[in-house]
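Add 1 to the 1-based position in the sequence shown for the working numbering, that's all there is to it.
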Amino acid sequence: MAPVSSKIGIIGAGVSGLAAAKQLAHHNPLVFEASDSIGGVWRHCSYSSTKLQSLRCDYEFSDFPWPDRDSTSFPSYTEILEYLTSYANHFDVLKFVRFNSKVVEIRFVGDRETTDLTGKPGDYPTILPGYPVREVAVQTNHSDTIEWYAFEFIVVCIGKYGDVPKIPEFPRNKGPEIFQGKVLHTIDHCKLQKEETSQLLKGKKVAVIGFKKSAIDLALECAEENQGPEGQPCTMVVRTLHWTVPHYWIWGLPFYMFYSTRSSQFLHERPNQSFLRTLLCLLLSPMRRGASKFIESYLLWKLPLQKYGLKPDHPFEEDYASCQMAIMPENFFSEAHKGKILFKRASNWWFSKEGIEFDDDTKLEADVVVLATGYDGKKKLKAILPEPFRTLLEYPSDIMPLYRGTIYPLVPNMAFVGYLESVSNLHTSELRSIWLARLVDEKFKLPSVEKMIEQTTKEIAVTKRTTRFYKRHCISTFSINHSDEICEEMGWNSWRKKNWISEAFSPYGSQDYI
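Listed below in structure tokens is the structure:
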């Protein structure tokens, strides 16, 4: 039986998939969603305590503002799901989505196996060639039946998070198999119902491995389940410290003043800058470091980081530049004060029968160990991409080199939305989806493969020079410049404000790109 044929296929109905589907709606795309609902990680990787890391006004679609966008509270994951559902219903996007449809394989059936694996000059293939060049295998309703679909172009929106857990490697006979308690990853914990979570954590000695947002949320949830004299403490095993912030005000000043305006980002290096601007960046570097120190001084005053040995050794700027800044829940340290959350710094650890052992010869007894060790986005992509494109995921920088955060120059007839990170990933995905739709409609043309690779190389180099945690494609310190270049390529005016004062000192957000 011949595959069902359509122009554009979209994989995933999370934030990025919805944004792509809305912008490409005039092409009647088919959207494949593996689960029975939209929302992506907000639906499948959230705890009861999970909240947005940004204010509502910083996490909204340009043409669909939040009803209460000026609220200073951080919305819960259920509120975000309600917002995404309202967006999908308002723009009638759900008619494109096929739920319980998991993509298990992608084939390239065009005339050429790759654009040019050597990275030599050449043109990127026509976006819509007029005939199918990609075939997609879809498993429906968890059955063994595979249905094939053919497309001219595919947009991958499955993201880097969720689905495939990143599990640490352990020496022989020192892994989870010898532990007498229960071991699970945060993705397993997200699937538990409230009663199951309570049963897992209450009265148990729990060790949480990690100190990023999911680990912090889980430790707080564990502490709240263990109130009273019978409750056991939760121990966070911390290898790498990162700066956390309690809210978006620093010594009475709004946080956006330091990183989200055109004038503040002028202090930071960006790709394609002139020699004069490079020189200015060097001369203004004391101001940039001063801003970082100013923020650090507030965080050390506001949060008991030094008391608990949680002060990072690196500047705040490096966490912001790698999109690793987390909002600290309001009552997290009050639970630490009560002894319900403990901290253990460790470079290396492994399992024993009774719990965990560390490289400083100390031990930690545990009934439950939860691995908040992140996700393997590369492995998730490899599972569906064919060769030789699968090999291309072994990039030396560990950052997928995406032109405009969307097109991998060496992978023809495919786009990737949701792999570029910034302060607001929703805004980032929407603007790239707008750019992609105009590209598909031939409103502009891509530069040569060589030029695109050169651009991505410059962006990665800037990230490497800005932060030691560069293994994420994060553009937070030059996001406005990145959007400027996208606007110029689409034929839009890159300066989006009404006057030069607002242009220089007001924060940029999705509402500026209507």
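Don't be surprised by glycine CBs; every beta carbon is placed ideally from N, CA and C. Note that the structure is predicted; figures quoted are calculated from it, not measured.
Taking the beta carbon of residue i as the centre, do at least 16 other beta carbons fall within 10 Å, making it buried, or is it exposed?
i, result
"G163", "buried"
"D59", "buried"
"D273", "Just to set this straight, residue 273 is Asn in the shown sequence, not Asp. So N273 ends up on the exposed side."
"E331", "exposed"
"S423", "buried"
"K121", "With a pLDDT of only 48 at K121, under the threshold of 50, the placement of this residue in the model should not be trusted, and no figure is reported."
"W252", "exposed"
"I515", "exposed"
"K96", "exposed"
"F307", "Residue identity check: residue 307 is Gln in the sequence provided, not Phe. With fewer than 16 Cβ atoms within 10 Å of its Cβ, Q307 is classed as exposed."
"E319", "buried"
"D218", "buried"
"K23", "buried"
"D69", "exposed"
"F109", "buried"
"K195", "exposed"
"P402", "buried"
"T187", "buried"
"G310", "exposed"
"N227", "buried"
Roughly how many whole angstroms lie between the Cα atoms of residue i and residue j?
i, j, result
"T115", "S7", "Only weak support is given to the placement of T115: the predicted model assigns it a pLDDT of 44, under 50, and the value that follows is read from those uncertain coordinates. Between T115 and S7, the C-alpha separation is close to 22 Å."
"I527", "P287", "Nothing can be reported for residue 527: it is not among the residues displayed for the chain, which extend from 2 to 515."
"F344", "A208", "10 Å"
"S36", "N101", "5 Å"
"S72", "P508", "17 Å"
"I11", "V441", "14 Å"
"V156", "K103", "15 Å"
"T468", "Y420", "18 Å"
"K465", "D360", "30 Å"
"A384", "Q456", "28 Å"
"S335", "M237", "15 Å"
"A337", "C235", "9 Å"
"M329", "E270", "28 Å"
"K472", "D399", "6 Å"
"A138", "D145", "12 Å"
"C158", "P247", "31 Å"
"K183", "D368", "6 Å"
"F256", "Q140", "46 Å"
"S55", "Y376", "21 Å"
"S275", "C282", "11 Å"
"E395", "N349", "26 Å"
"K52", "G41", "15 Å"
"M326", "G510", "18 Å"
"I502", "L300", "29 Å"
Considering only C-alpha positions, which residue in the set the options is nearest to residue i?
i, options, result
"G340", "F267, G229, I502, N494", "G229"
"L411", "P448, W149, S298, W43", "P448"
"F333", "L304, E358, H315", "L304"
"K530", "Y471, E170, P126, K175", "In the structure displayed, the chain extends from 2 to 515; residue 530 sits before or after that span and is not available."
"T262", "D485, D377, V5", "D485"
"S323", "S480, F295, Y150", "S480"
"S293", "L306, P316, L277", "P316"
"S50", "L437, V32, Y78", "Y78"
"P30", "G13, L268, V105", "G13"
"K364", "N500, R346, R108, A373", "R346"
"V105", "Y150, G204, P130, L129", "Y150"
"S38", "A89, L193, W302", "A89"
"G211", "A220, N482, W43", "A220"
"I408", "L437, K381, K380, T429", "L437"
"N482", "H474, W496, R57, E231", "W496"
"E504", "F75, F267, N142, E297", "F267"
"A224", "T245, L201, R240", "L201"
Where DSSP assigns a beta bridge to residue i, which residues make up the other side?
i, result
"Y150", "V5, V137"
"L185", "V371"
"I155", "G10, M415"
"K52", "S77"
"V16", "In the DSSP output, where bridge partners are listed per residue, V16 has none listed."
"L31", "G10"
"K364", "E358"
"A208", "T236, V370"
"S102", "T141"
"R108", "E136"
"C475", "E422"
"F65", "F62"
"P166", "Y376"
At a cut-off of 7 Å, is residue i close to the ligand SAH when judged by its beta-carbon and the heavy atoms of the ligand?
i, result
"T363", "The model depicted lacks the ligand SAH and carries no ligand whatsoever."
In chain order, which continuous runs of the beta strand (DSSP E) of length 3 or greater are located wholly inside the stretch 235–279? List check, beta strand (DSSP E) in window: 235–239.
Runs of beta strand (DSSP E) lying entirely within the stretch 321–347, each at least 3 residues, in chain order: Taking only runs of at least 3 residues, the beta strand (DSSP E) segments lying wholly in the stretch 321–347 are 342–346.
Minimum length 4: unbroken alpha helix (DSSP H) runs contained in the stretch 281–322: If one requires a minimum length of 4 residues, the alpha helix (DSSP H) runs lying completely within the stretch 281–322 are 286–303, 317–322, in chain order.
Of all the alpha helix (DSSP H) runs that stay within the bounds of the stretch 393–453, which reach a length of 4 or more residues? If one requires a minimum length of 4 residues, the alpha helix (DSSP H) runs lying completely within the stretch 393–453 are 426–441, in chain order.
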